[in-house]
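Asker:
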Amino acid sequence: MKLSTKGRYGLRAMIDLALYAENTPVSIASIAARQHISESYLEQLIAKLRKANLVTSVRGAGGGYVPGRPVEEISVGDVLRALEGNLDPVECPGIEHQGGCDGSDVCVTKYVWKRINDSINQTVDGMMLSDLLAESREVQKKRQIPVSCCEKKE
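Numbering (the UniProt record's numbering), first residue to last: 1 to 154.
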């Protein structure tokens, strides 16, 4: 499975939004500048995220965007599916119990495809935006500690 820029940039934008929208709504321009994503492309991504109720717009002076629900309730899978669609790398009609494939009753490769699909979905559904937000804060703390180019990092 290979994610497009929609998924990669959209997830970065959601992390940025969660990080900076704690006190005030965040503008597309500010996310675009921090993440080095074009504003027009980011607008397209935000529109998809709004449609999936992952982002909410706030109108008026000082308006912008905020997460559509608590970050503890938004999974990486939610974000990626909103932007990419189905995440299954293998579409096999035999996986479904309703038939869909003439050779389903004798095909054993469907078990491989199902395990791969299930593994990917469980992984992205188990990672929450709040986890990535916490990780982002840790990374930012480490970047603020001055280290000489000649010192070893421990």
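For glycine and all other residues, C-beta sits at the position ideal for the given N, C-alpha and C.
This one's a predicted model, so the numbers in the text were calculated from it and none came from an experiment.
So what's residue 130 in DSSP terms, helix, strand or just coil?
Answerer: Residue mapping note: residue 130 aligns to position 130 of the sequence shown, counting from 1. The answer is helix: DSSP assigns residue 130 an H, G or I state.
Asker: Which residues bound the alpha helix (DSSP H) around residue 5?
Answerer: Sequence index remark: in the sequence shown, residue 5 carries index 5 (1-based). Its alpha helix (DSSP H) spans residues 5-20.
Asker: I'd like to know if the stretch 24-33 and the stretch 68-84 are in contact, where contact means that at least 3 CB-CB pairs between them fall below 8 Å.
Answerer: no
Asker: Could you check what DSSP says for residue 76 in three-state terms: helix, strand or coil?
Answerer: As a position in the sequence shown, residue 76 is number 76, starting the count at 1. Note: residue 76 maps to helix in three-state DSSP.
Asker: Would residue 89 and residue 53 qualify as a contact pair, given that the criterion is a beta-carbon distance under 9 Å?
Answerer: On the sequence shown, residue 89 is found 89 positions in, with the first residue counted as 1. On the sequence shown, residue 53 is found 53 positions in, with the first residue counted as 1. No. Outside cutoff.
Asker: Confirm, please, whether the CB-CB distance from residue 121 to residue 83 is below 9 Å.
Answerer: By one-based count along the sequence shown, residue 83 stands at place 83. By one-based count along the sequence shown, residue 121 stands at place 121. No, the pair does not count as a contact, with Cβ atoms beyond the cut-off.
Asker: What are the residues that DSSP puts in a beta bridge with residue 64?
Answerer: Looking up residue 64 in the sequence shown gives position 64. Residue 64 pairs with 58.
Asker: Which of the three DSSP states is assigned to residue 26 in this structure?
Answerer: The residue labelled residue 26 in the question sits at position 26 within the sequence shown. DSSP places residue 26 in strand when its eight states are reduced to three.
Asker: Have a look at residue 16 and residue 50 and give me their C-alpha separation to the nearest angstrom.
Answerer: Here residue 16 corresponds to residue number 16 of the sequence shown, with the count starting at 1. Here residue 50 corresponds to residue number 50 of the sequence shown, with the count starting at 1. Roughly 16 Å between the two C-alpha positions.
Asker: Comparing alpha-carbon positions, which option in 66, 13, 56 lies nearest residue 136?
Answerer: Within the sequence shown, the letter at position 136 stands for residue 136. For the residues 66, 13, 56, the minimum Cα distance to residue 136 belongs to 13.
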